[in-house]
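To start, the structure itself, in structure tokens.
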Amino acid sequence: MSVRYIACVLAGLILAGCASSIPEPIRDPEDGGPSLAAVRADPETHLGKTVRWGGQIVEVENLPEHTEMQVVAKPLEYDARPAGHDRSEGRFLVRFPGFLDPAVYAPGRQITVTGTIEEMVTRDIGEYAYRQPLVEGEGSYLWAREEDRPRPYRDPWYDPWYDPWYRYHDPWYPYPHPYYPYW
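Read in order, the letters of the sequence shown correspond to residues -21 to -1, 1 to 162 in mature numbering (1 follows the signal peptide of the UniProt record, and there is no 0).
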């Protein structure tokens, strides 16, 4: 093997490691745009800006021309997936053209969306009038459900090096205890 061949393979592996882990439909904008807190604090400055926000779906409402989805915003991880913890940045509405099936986009599912901030709207949450930004959805990625897998029981006193044919119980073994030979 030549040095040139090895160098090309290493360069290819290094470049492959630089590939983005963010799914294609939600790659833009690069920086994610303004945060939800910044938009809620000063909405007029951020109207028309492109954002990438994510969170947990609360409600999906299909209207004749479009679908509106209410999302509890969560901070995004390195791969643009919403973080799984209980910290929330607030809520936002996303409007998608056409029909989205509420059985697929069910409450509790995680979603990341990209789109343009259109306006601030007020919706009732219970009896509270909550003001939230409306995003015109351009791209979305519905994340697969994470299932809890059962963890195998592990005995804290289990010796992984235990050997049933070890001569510990052999009367002709020279030491009565393998770890303490001079007891």
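All C-beta atoms, glycine included, are put in the ideal place defined by N, C-alpha and C.
In this structure, what does DSSP give as the bridge partners for Tyr107? By 1-based counting over the sequence shown, the position of residue 107 is 128. Answer by DSSP bridge pairing, in chain order: Ile104.
C-beta contact flag for Arg70 and Val50 at 8 angstroms: Translated into positions along the sequence shown, residue 70 becomes position 91. Translated into positions along the sequence shown, residue 50 becomes position 71. Closer than 8 angstroms, so yes.
Rank Glu117, Gln111, Leu121 and Thr101 by C-alpha distance to the C-alpha of Ala20 and give the top, closest one. Locating residue 20 in the sequence shown gives position 41, where the first residue counts as 1. If we check each option's Cα against that of Ala20, Gln111 comes out closest.
Cβ atoms of Ile96 and Gly(-10): under 8 angstroms apart, would you say? The residue you call residue -10 lines up with position 12 of the sequence shown. The residue you call residue 96 lines up with position 117 of the sequence shown. Not a contact, by the Cβ cut-off of 8 angstroms.
Just verifying my parser: in three-state terms, what is the DSSP assignment at Trp162? Within the sequence shown, the letter at position 183 stands for residue 162. At Trp162, the pLDDT of 47 sits below 50, so the modelled position is not reliable and the matter cannot be decided from this model.
Contact defined as beta carbons within less than 8 angstroms: I believe Gly118 pairs with Val92. What is the distance between those atoms, to the nearest angstrom? The sequence position of residue 118 within the sequence shown is 139, counting from 1. The sequence position of residue 92 within the sequence shown is 113, counting from 1. Their Cβ separation, rounded to whole angstroms, is 7 angstroms, which keeps Gly118 and Val92 in contact under 8 angstroms.
Alpha carbon to alpha carbon, what distance is there between Cys(-14) and Leu121? Looking up residue 121 in the sequence shown gives position 142. Looking up residue -14 in the sequence shown gives position 8. Straight-line Cα distance between these residues: approximately 37 angstroms.
Can you find the residues in the same chain that come closer than 7 angstroms, C-beta to C-beta, to Gly12, ignoring five residues on each side of it along the sequence? To locate residue 12, count along the sequence shown from 1; it is residue 33. Hits under 7 angstroms: Lys28, Thr29, Val30 and Arg31.
Runs of beta strand (DSSP E) lying entirely within the segment 22 to 99, each at least 3 residues, in chain order: 29 to 41, 45 to 53 and 69 to 76
State the Cα-Cα distance for the pair His45 and Tyr57, rounded to the nearest angstrom. Start at 1 with the first residue of the sequence shown, and residue 45 comes out as number 66. Start at 1 with the first residue of the sequence shown, and residue 57 comes out as number 78. Roughly 30 angstroms between the two C-alpha positions.
CB Ala17 to CB Gly33, shorter than 8 angstroms? Here the question's residue 17 lines up with position 38 in the sequence shown. Here the question's residue 33 lines up with position 54 in the sequence shown. Not closer than 8 angstroms, so no.
What separation, rounded to the nearest whole angstrom, lies between the Cα atoms of Gln89 and Ala123? Counting from one through the sequence shown, the residue named residue 89 turns up at place 110. Counting from one through the sequence shown, the residue named residue 123 turns up at place 144. About 8 angstroms.
Distance between Pro61 and Pro47 (C-alpha atoms, nearest Å): By one-based count along the sequence shown, residue 47 stands at place 68. By one-based count along the sequence shown, residue 61 stands at place 82. Contrary to the premise, residue 47 reads as Glu rather than Pro in this sequence. Their backbone Cα atoms lie some 19 angstroms apart in a straight line.
Work out the CA separation of Leu72 and Ala82 for me, nearest whole Å. Indexing the sequence shown from 1 puts residue 82 at position 103. Indexing the sequence shown from 1 puts residue 72 at position 93. Their Cα atoms are separated by approximately 18 angstroms.
Short check: CB of Glu68 to CB of Pro54, under 8 angstroms? As a working mapping, residue 68 is identified with position 89 in the sequence shown. As a working mapping, residue 54 is identified with position 75 in the sequence shown. Contact: yes.
Boundaries of the alpha helix (DSSP H) in which Ala123 is found, first to last residue: One-based indexing of the sequence shown puts residue 123 at position 144. First-last for Ala123: undefined, no H or E at that position.
Once you ignore the five residues that flank Val114 on each side, which residues in its own chain have a CB closer than 8 angstroms to its CB? The residue given as residue 114 occupies position 135 in the sequence shown. Cβ neighbours of Val114 beyond the five flanking positions: Val30, Trp32, Phe71, Leu72, Val73, Arg74, Val92, Gly94, Thr95, Ile96 and Glu97.
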